[in-house]
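In this text, residue positions in the sequence shown follow UniProt numbering: the first is 1, and each later residue adds one. Think of the CB as a built atom: it goes at the ideal place given N, C-alpha and C, for glycine as much as any other residue. Owing to the predicted nature of the structure, the values given are computational and were not obtained by experimental measurement.
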Amino acid sequence: MTTHSTPPVLSLPGATPELMAHLQDGLARVDALLRTVVDHEDPFIAAASSHLAQAGGKRFRPLLTLLSAELGEGVTDDVVRAAAGVELTHLASLYHDDVMDEAEVRRGVPSANAVYDNSTAILVGDLLFGKASELIAGLGAEAVLIQAQTFVRLCSGQIRDDRPCPPDVDPIDYYLGVLADKTGSLTATACRYGAMFSGGSPELVETMRSYGEKVGMTFQLADDLIDIASDSEASGKTPGTDLREGVDTLAVLRAKASTDPADERLLELLHSDLSGDEAAVSEALTLLRQHPALEAARAETYGVAREAQALLDPLPETPAKTALQTLALSVVERVG
1 MTTHSTPPVL SLPGATPELM AHLQDGLARV DALLRTVVDH EDPFIAAASS HLAQAGGKRF
61 RPLLTLLSAE LGEGVTDDVV RAAAGVELTH LASLYHDDVM DEAEVRRGVP SANAVYDNST
121 AILVGDLLFG KASELIAGLG AEAVLIQAQT FVRLCSGQIR DDRPCPPDVD PIDYYLGVLA
181 DKTGSLTATA CRYGAMFSGG SPELVETMRS YGEKVGMTFQ LADDLIDIAS DSEASGKTPG
241 TDLREGVDTL AVLRAKASTD PADERLLELL HSDLSGDEAA VSEALTLLRQ HPALEAARAE
301 TYGVAREAQA LLDPLPETPA KTALQTLALS VVERVG
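Below, the structure is given as structure tokens:
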């Protein structure tokens with residue numbers, strides 16, 4: 001497996017050089033373990049298993065594990081093992097996501113389902129879930145239980161994401177619940193493991209679990225904003241993907257609730273099938289970018305980030321605490 005540089009996922013203004021050095025070293029150790037774990041005696045399986053890991057990625061979840069460990073006694077071998085297990089779980093979910101989304105590109109390279117086929121991508125995703133569980137099994141029964149519960153929430157969130165909101169449920173509450181399961185659960189576990197395996201108290205472990213869930217939700221809410229507000233050159237992504245796929249993100253849900261007659265054309269577009277109409281997607285994006293719903297969704301995203309920050313307020317002042325609070329806002333302010 002090719003070695004890749006893995007800098008911290010986001011800038012951490014104010015982070016000390018010592019903390020940054022610890023994070024760089026920890027991420028290198030996580031990557032080394034990932035390379036070992038995804039290898040396989042069968043060359044085909046080895047290549048397919050390492051396909052997305054080789055492409056790099058942000059390593060956002062391992063970074064959270066390492067930062068959370070700095071609130072305790074620091075990064076141990078068990079922390080590195082937990083961080084790698086979390087990242088493997090994330091990678092496995094991407095193989096499945098790309099099949100469901102019929103994606104052609106992931107992390108700037110052809111997706112596994114495009115390079116191989118859907119069946120191979122699904123099976124490799126399953127294999128990586130197994131590898132993640134194997135890693136976590138070395139950390140004890142409680143860690144295995146947490147991994148299993150996280151996996152259940154991931155799948156539940158994905159199932160609910162693929163289904164329409166029930167008529168008797170508020171669509172925004174439903175959407176935020178999906179995000180909590182689909183994205184928040186794994187980031188919660190990443191932070192929880194970091195605190196657990198660095199000797200943190202039960203109170204610290206719970207604080208980090210709650211912080212991680214909110215940061216995970218913030219990350220996805222920010223992604224939703226990027227899909228509407230950013231241009232492809234700045235973000236590296238194609239704007240309007242959610243509109244093409246008929247996914248109602250927070251800004252769209254807010255816009256759909258409008259009763260202003262001036263929004264008639266936007267509402268017509270948002271209630272249409274935009275999957276094959278690039279002109280309509282472009283028009284919808286233009287209208288959404290000018291609509292108060294976008295700024296309302298941005299304000300709500302910042303609100304979730306600040307809730308994550310506030311959870312850490314009672315903790316002692318340390319470089320790691322400062323970095324984690326900075327990270328919560330940096331997630332919103334990124335462009336890609």
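- Taken in chain order, the complete alpha helix (DSSP H) segments of 4 or more residues contained in the stretch 17 to 46 are 17 to 38.
- Here H291 carries a coil assignment [DSSP, helix/strand/coil].
- For S156, the CB contacts under 7 angstroms within the same chain, skipping 5 residues up- and downstream, are D181 in chain order.
- CA-to-CA, the gap between Y302 and E41 works out to about 47 angstroms.
- For F60, the enclosing alpha helix (DSSP H) has its first and last residue at 60 to 69.
- Under the three-state reduction of DSSP, V178 is assigned to helix.
- Per DSSP, reduced to three states, the secondary structure at V247 is coil, with no helix or strand assignment.
- Per DSSP, Y116 lies in no alpha helix (DSSP H) segment and is marked neither H nor E.
- In the structure shown, S258 falls within a coil segment according to DSSP collapsed to helix, strand and coil.
- Annotated as distal: M217 and V86, with beta-carbon spacing of 9 angstroms or more.
- Remark: C-beta atoms of Y193 and S68 approach each other more closely than 9 angstroms.
- Boundaries for F197: no alpha helix (DSSP H) harbours it, and the DSSP string shows neither H nor E there.
- Inter-residue distance for H271 and V247 is about 11 angstroms (C-alpha atoms, whole angstroms).
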